[in-house]
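A.B. asks: Here it is, the structure, as structure tokens.
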Amino acid sequence: MAQENGNGRYVCIHGHFYQPPRENPWLEAVEIQDSASPYHDWNERITAECYASNSASRVLDGDSRVMDISSNYAKISFNFGPTVLSWMEQAAPRIYQAILDADKQSMEWRSGHGSAIAQVYNHMIMPLANARDKRTQVVWGIADFQKRFQRFPEGMWLAETAVDLETLDILAEQGIKYTILAPHQAAAYRAVGEEEWLEAEIDPTRAYLCNLPSGRSINLFFYDGPISRAVAFEKLLESGEALAGRLVGGFNDERGWSQLMHIATDGETYGHHQKFGDMALAACLNHIESNNLARLTNYGEYLELCPPDTEVRIHERTSWSCAHGVERWNSDCGCSGGMPGWNQQWRHPLRASLDWLRDRLAKGFEQQGRELFKTPWRVRDAYVEVILNRGMEVAEQFLSRHALRELSAEEKIRALKLLEMQRHAMLMYTSCGWFFDELSGLETVQVIDYASRALQLAEGVVDGPVEKGFLERLKEAKSNIPDHHDGLWIYQNFVLPIRLDLVKVGAHYAFSSLYEEYEEHSQIYCYAIAKEEYHKIATPDAVIAMGRIHVASEITEEKACLTFCVMRIGSHDFKGGVKEACDQEGYAAMREEMSAAFDKGLYSDMVLLMDKHFGTHSFSLLNLFTDEQRKIIGEIINRNLEESIASYQEMYERVRPLMEFVKETRVPVPHVFMAVAQPALNEALKHAMSEDEVDEEAVRRIVGQIRKWGVGIEEPETEYYMRRHLEKLSAQLLQEPSDVKVIGRMQKYMDLLNEIPINLVLWQMQNDYYTLAKTVYPEFIERSRRGEEGASQWLEAFQRLGDTMRFNTGAVLPQG
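What follows is the structure in structure tokens.
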């Protein structure tokens, strides 16, 4: 039980950690995004720059050496978007678990109140949604939170803090105690029991009670606007102590209540938007705590300590990031990134087209759903159970509980398609689709992707030419980029090319099987593949694969049996045919004819045979999903470039003595030599630094040549490559902490890195070292005391490694 003594001083920092859903709607996975290089995608990059760093942030001493590593999440208030957590659970499980653990830690520190709060499910702008979607967003957000954090959320974050009374009433109805708003969203306030409302600037240092027309009520917190803006936009994070000073400076002894100084910003501010922002946050929290300037808290604990004695009214249809209410997600209101000559007139027709589509899909869902479900809209609310626990067995159990009767196989598929149609009809309202400047931008195309998937799922379910009607309306949205025309052009050129069906999944399997061996049963994203027959023939110049496979969607349970034949001629000429057919005799005849032609090298005849058996030979490497396509193209490129790089290195070594003579004579070195030196030396450096036993002299020779010729190191690729190599050594040390040889190899690697003009990110290695410092190091102190052989040597090597990795080892290592 929390206890409050007198007029206390409390500080709470809230981070809204969120990324828009980036999954390909047909694969339920995030594909490679080139703009996030050298990372696979933006989720991975922002996790490295922000989400991970806040789970283990550094507190530095005066010499910028690490004194401590701690989780910011445990000390602040935070929410994570469910869509990014679902990705993180699979792609970054250690960071995901660190976030969950931080919430548990905060409950121990904050009187049983966890720092994590929920979020409306897919960041929908609630005042622009209908009541049904608002309710599902809240219900799904709560369910997602409960599944991950194993408790009911006290608070819930509204996307962009966009609010109206209906949304607040749904929050209260579902058991949510509070939400967080911007100060300008408060319209008036009064002391509980008084009649007169004051229309004046809100004081953010207390909690407020909002009584709702339904008779329910909810607590509201209004964050400090000026300090929040300074953190987000005015470089206040350049100093953790400065941030602490601004927060503590907001207290006023004239206030007659226990004050809560609190701010709210995008969580990505702490590390992604502002490099090392996580460390400034950690320094701020450490400064406040260590100097006893205030008590760190979260909203749940403060609410228990200091229940509101003041009522508030809100300005409806307002948000924290639009001066025009919620028009940033509905019209050309003037809020934009400021690209000269552009407008955002596309926002309204985009929303209008989606609203039209939503209503048509809802009508079809109701009509068809009444034939299958007991209560269709309640079933949609409950469907989050399946979303959070994907698998055919879970889906089957769900349908058995909610169906009107025992469903046939076809009815089950129809039921799941209806529910998935509704899921995508909500995902298409993700707020980022309207936030930025251009209709053809990544985030906006993503919401149109979701609309396309909803339309595909609606085929045979919703009456009438729904897609035609949608596209007629979408065409009214005009791009700022002349070549991208309008919404219809964008749909046809950016969206339809990635739309999948089971035949295209089969084509991916067929072409990828030329490069990898599949088991009898395999998984490709959210599709299960079972081999019926498969044959592959290869020569040095070509390869052909033929087969019959069963493909099933694990989302909708749709199934198909496919026959295929694909081939590669030379390094990159791919052709293939795929059809929905499972005739064994037909397959045998095709296989015999194709094999005979292949054995004779009659490749042009094989194209004609494909046309005969499949009606086309137009399937190609372009039908591979992006990641596999990149992987295979990379293999083809690397195979061809290996000889070229070897030629560069041979040419460099052959010409280098002459160029050294030229350099001595002060004659300008030819540009062509520098063009050869760049790839040759970078490749040599990467190769030398990847050896199990690094040749120090070889590395120093290469580095000397890099410095001599002024060759640039290819960052960030080379940094990323070397970091991953060192992280493998660090992981090995975690597994075998007593192996002093691994420490020695890491030390040698670190010493060499200090001689290379490159800034290596040591984050993961430092985390591993810190873990060993707190767990294994004390054991070796005890072993050394007992005189065990090698213990003192291990302690000395480990301490030296810590010094090299920029630790204040006197502060980090337990003293013996």
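This note's numbering puts the last residue of the sequence shown at 2304; the count rises by one with no breaks. Just so you know, even glycine gets a beta-carbon here, dropped at the ideal spot from N, CA and C.
Going by CA-CA distance only, name the one from 1907, 1812 and 1823 that's closest to residue 1849.
C.D. replies: For residue 1849, the nearest C-alpha among the options comes from 1907.
A.B. asks: Relative to the C-alpha of residue 2110, which residue among 2000, 2146 and 2076 is closest?
C.D. replies: Checking every option, the nearest Cα to that of residue 2110 belongs to 2000.
A.B. asks: Name the residue from 1694, 1700 and 1671 whose alpha carbon lies nearest to the alpha carbon of residue 1688.
C.D. replies: Cα-wise, what sits closest to residue 1688 is 1671.
A.B. asks: Below 8 Å, how does it come out for the stretch 1976-1985 and the stretch 2093-2109: are there three or more Cβ pairs, yes or no?
C.D. replies: Contact fails: fewer than three Cβ-Cβ distances are below 8 Å.
A.B. asks: Short check: CB of residue 1567 to CB of residue 1545, under 8 Å?
C.D. replies: Taking 8 Å as the Cβ cut-off, residue 1567 and residue 1545 do not qualify as a contacting pair.
A.B. asks: So which of 2047, 2034 and 2026 has the shortest CA-CA distance to residue 2015?
C.D. replies: If we check each option's Cα against that of residue 2015, 2047 comes out closest.
A.B. asks: By alpha-carbon positions, which one of 1741, 2059 and 1912 ends up nearest to residue 2126?
C.D. replies: Closest option to residue 2126, Cα to Cα, is 2059.
A.B. asks: Could you give the residue range of the alpha helix (DSSP H) that holds residue 1812?
C.D. replies: Where residue 1812 is concerned, there is no enclosing alpha helix (DSSP H), given that its DSSP letter is neither H nor E.
A.B. asks: With 16 other CB atoms within 10 Å as the buried threshold, where does residue 1643 fall?
C.D. replies: It is buried - the Cβ of residue 1643 has at least 16 other Cβ atoms within 10 Å.
A.B. asks: Residue 1504 lies in the beta strand (DSSP E); which residues open and close that run?
C.D. replies: Here the beta strand (DSSP E) through residue 1504 covers 1497-1505.
A.B. asks: Quick one: what's residue 1697 bridged to in DSSP?
C.D. replies: Partner(s): 1707 and 1799.
A.B. asks: Just to confirm, is the Cβ distance from residue 1958 to residue 1946 under 8 Å?
C.D. replies: In this structure, residue 1946 does not lie closer than 8 Å to residue 1958 by Cβ.
A.B. asks: For residue 1612, write down the residues that DSSP places opposite it in a beta bridge.
C.D. replies: In the DSSP output, where bridge partners are listed per residue, residue 1612 has 1918.
A.B. asks: Do the stretch 1930-1944 and the stretch 1882-1899 make contact, defined as three or more Cβ pairs closer than 8 Å?
C.D. replies: No: the two stretches stay apart, fewer than three of their Cβ pairs being nearer than 8 Å.
A.B. asks: So, do the stretch 1528-1543 and the stretch 1594-1610 have three or more beta carbon pairs nearer to each other than 8 Å?
C.D. replies: Cβ pair count under 8 Å is below three, so no.
A.B. asks: Mind checking who residue 2055 pairs with in its DSSP beta bridge?
C.D. replies: Paired residues: 2032 and 2063.
A.B. asks: Excluding the 5 residues flanking residue 1807 on each side, which residues of the same chain have their C-beta closer than 6 Å to its C-beta?
C.D. replies: Cβ within range, chain order: 1648, 1649, 1650 and 1814.
A.B. asks: Is it true that the CB of residue 1673 sits closer than 8 Å to the CB of residue 1802?
C.D. replies: Going by C-beta atoms, residue 1802 is nearer than 8 Å to residue 1673.
A.B. asks: According to DSSP, what are the bridge partners of residue 1758?
C.D. replies: According to DSSP, which records beta bridges pairwise, residue 1758 is partnered with 1762.
A.B. asks: Quick one: grab the DSSP three-state call for residue 1473.
C.D. replies: Nothing about residue 1473 can be reported from this structure: the residues present for the chain run from 1489 to 2304 only.
A.B. asks: Can you pull the DSSP bridge partners for residue 1565?
C.D. replies: Looking at the DSSP assignment, residue 1565 forms a beta bridge with 1502.
A.B. asks: Verify the CB distance criterion: does residue 1910 have a CB-CB separation below 8 Å to chain D?
C.D. replies: Any reference to chain D falls outside this structure, which holds one protein chain only.
A.B. asks: Could you tell me the boundaries of the beta strand (DSSP E) in which residue 1557 lies?
C.D. replies: Here the beta strand (DSSP E) through residue 1557 covers 1554-1558.
A.B. asks: Of the choices 2098, 1990, 1876 and 2026, whose alpha-carbon is the least far from that of residue 2068?
C.D. replies: When each option's Cα is compared against that of residue 2068, the closest is 1990.
A.B. asks: Which of the three DSSP states, helix, strand or coil, is assigned to residue 1493?
C.D. replies: With a pLDDT of only 45 at residue 1493, under 50, the local geometry of the prediction cannot be trusted, and the value read off the model is given with reservation. In the structure shown, residue 1493 sits in coil (DSSP, three-state: anything other than H, G, I, E or B).
A.B. asks: My output table needs one value for residue 1640: the three-state DSSP class, helix, strand or coil.
C.D. replies: If DSSP states are grouped into helix, strand and coil, residue 1640 belongs with coil.
A.B. asks: For residue 2244, which residues of its own chain have a beta-carbon under 6 Å away from its beta-carbon, when the five flanking residues on both sides are left out?
C.D. replies: Hits under 6 Å: 2191.
A.B. asks: Are residue 2257 and residue 2293 closer than 8 Å when you measure CB to CB?
C.D. replies: Yes, these two residues count as a Cβ contact at 8 Å.
A.B. asks: Between which two residues does the alpha helix (DSSP H) harbouring residue 1931 extend?
C.D. replies: Here the alpha helix (DSSP H) through residue 1931 covers 1930-1946.
A.B. asks: Using CA atoms only, rank isn't needed, just tell me which of 1821, 1818, 1747 and 1824 is closest to residue 1786.
C.D. replies: Looking at the Cα atoms, 1747 is the closest of the given residues.
A.B. asks: Under 8 Å, do residue 1797 and residue 1627 count as touching if we go by C-beta distance?
C.D. replies: No, Cβ-Cβ distance for residue 1797 and residue 1627 is not below 8 Å.
A.B. asks: Residue 1604 by DSSP, collapsed to three states: which one?
C.D. replies: DSSP places residue 1604 in strand when its eight states are reduced to three.
A.B. asks: Please report the distance separating the alpha-carbon of residue 1588 from that of residue 1975.
C.D. replies: For residue 1588 and residue 1975, the distance between alpha carbons rounds to 41 Å.
A.B. asks: Here's the rule: buried if 16 or more other CB atoms are within 10 angstroms of the residue's CB, otherwise exposed. What is residue 1846?
C.D. replies: Buried: at least 16 other Cβ atoms inside 10 Å.
A.B. asks: Can you give the Cα-Cα distance for residue 1714 and residue 1749, rounded to whole angstroms?
C.D. replies: The straight-line gap from Cα to Cα measures roughly 12 Å.
A.B. asks: Determine the burial state of residue 1570: buried for a count of at least 16 other Cβ atoms within 10 Å of its Cβ, exposed for fewer.
C.D. replies: Flag for residue 1570 reads buried.
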